[in-house]
Amino acid sequence: MKVLFDTSGGDNAPIEIIKGALEARGEFNIEIAFVGKAEEIEKTIEKFEVKEKFEIIDAQEKIENDEEPAFALRRKKNSSTVIGLNLLKSKEYDAFISAGSTGALLAGGLFIVGRIDNIKRAVLPTSLPNLNGKTMIIDSGANVDCSAEMLLQFAKMGRVYLEEIFKIKNPTVGLLNIGSEKGKGNALTKETYDLLEESNLNFIGNIEARDITLSGCDLAICDGFVGNVLLKNTEGVSKFVLKSFSEVVKQIELSEQSQVEIGKIFNIASKKLDASEVGGALLLGLNRVVVKAHGNADSKAIKNAVKVAIDAVENEIVDKIEKVFKGDFNER
């Protein structure tokens, strides 16, 4: 399997991107290549004293987070995002991983790589921890304005992803809303509720935000605006809880053994809430495997993003979603 890494995107590029790629190469036995500023990539690789030579594709331009995605894609043809996605489209690589601009990666995925037939939009699924495992949130930021039909498609793609990658048979689907009763919410959620109820998904009705961490469902459906707010709030609350816990422990006189045991508990909790444990999100709905790594991804997150890509390729997730949406996508 060949994976192409964007070394220009992200807060910690290129060093953490390259370090993570090298670690993934050793752990997962994959072929790796880099797209970005060639001289910068070569100098960074030298720091790791690696003897092997790697394919490097020079891309002198970078799309910034504050640039309008569609305009930037047209203007910066020599950016790592544009070149990388074109190489992925040509099937020279099995997957493309980037920690760069989410908007540019999504727009480039749609315009360059292309959508699966009958799918209106690609989406970003994100897993959040709950009491019994994880809940998948779709959409977590790719599409801030959605129709009810789009949300139904998100749910169908999410079910395929959960069944094929996470091996959850017939996952429960909830609609994120301001109340659990039918009829709650705005025009979008009411219309979406009816579509989900009429589908053959395992729809359990509306769920509230607090239900996410309490194992309310396997898959929570919402538009990207709501999903991203939920995601960012959860990250903030997690950091607050961990920091508060740490501060309280410092104020208590504990034996050395107790300190060790509490340290173990803290590490377990931190790992459960650590975004780098997930690494990145697969853009569902595209014709090829594109993984969006966190903007502040370190080498650990990049390595775990590779695992996301490997799972998608080995489980043929693109082909399986395509089969569901062939013809009338309501058939499944």
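Numbers given in this note's numbering equal positions in the sequence shown, counted from 1, plus 1089. For every residue, glycine included, the Cβ atom is placed at its ideal position computed from N, Cα and C.
I'd like to confirm the pairing. Which residues does DSSP put opposite residue i in its beta bridges?
| i | result |
| --- | --- |
| Ala1298 | In the DSSP output, where bridge partners are listed per residue, Ala1298 has none listed. |
| Gly1125 | Asp1147 |
| Asn1291 | Thr1261 |
| Glu1120 | Lys1091 |
| Pro1218 | Lys1223 |
| Ser1168 | Glu1150 |
| Ala1370 | Lys1381 |
Could you spell out where the alpha helix (DSSP H) holding residue i opens and where it closes?
| i | result |
| --- | --- |
| Phe1334 | 1313-1339 |
| Val1395 | 1388-1403 |
| Leu1093 | It is not in any alpha helix (DSSP H) - Leu1093 instead sits in the beta strand (DSSP E) that spans 1091-1095. |
| Leu1308 | No alpha helix (DSSP H) holds Leu1308; the beta strand (DSSP E) holding it covers 1308-1310. |
| Lys1245 | 1237-1253 |
Quick one: residues in its chain with C-beta nearer than 8 Å to the C-beta of residue i, no 5 flanking neighbours on either side, listed in chain order?
| i | result |
| --- | --- |
| Lys1409 | Val1249, Glu1253 |
| Leu1176 | Leu1093, Val1124, Ile1146, Tyr1182, Phe1185 |
| Leu1331 | Phe1355, Ala1358, Ser1359, Leu1362 |
| Glu1129 | Thr1096, Pro1103 |
Looking only at its chain, what residues have a beta carbon closer than 7 Å to the beta carbon of residue i, apart from the 5 residues adjacent to it on each side?
| i | result |
| --- | --- |
| Thr1323 | Leu1217 |
| Glu1342 | none |
| Leu1111 | Phe1137, Val1139 |
Please state if the CB of residue j and the CB of residue i are separated by a distance shorter than 8 Å.
| i | j | result |
| --- | --- | --- |
| Lys1178 | Ile1201 | yes |
| Ile1119 | Ile1391 | no |
| Lys1381 | Gly1369 | yes |
| Ser1388 | Gly1189 | no |
| Glu1280 | Ala1237 | yes |
| Gly1197 | Leu1162 | yes |
| Thr1278 | Leu1308 | no |
| Ile1205 | Glu1411 | yes |
Considering residue i, what are the terminal residues of the beta strand (DSSP E) in which it resides?
| i | result |
| --- | --- |
| Ile1226 | 1222-1227 |
| Ser1187 | 1184-1187 |
| Ala1382 | 1378-1382 |
Given residue i, which residues of its chain have a CB within under 6 Å of its CB, disregarding the five upstream and five downstream residues?
| i | result |
| --- | --- |
| Ser1169 | Asp1095, Ser1097, Val1124, Gly1125, Ala1148 |
| Gly1173 | Leu1093, Asp1095, Val1124, Phe1185 |
Next on the checklist: For the pair the stretch 1293-1307 and the stretch 1250-1270, tell me if three or more CB-CB distances fall below 8 Å.
Outcome noted: yes
Checklist entry - Are at least three pairs of beta-carbons, each pair with one atom in the stretch 1335-1348 and one in the stretch 1132-1150, less than 8 Å apart? => result No, the stretch 1335-1348 is not in contact with the stretch 1132-1150.
Checklist entry - Taking three-plus beta-carbon pairs below 8 Å as touching, is the stretch 1197-1211 in contact with the stretch 1230-1244? => result yes
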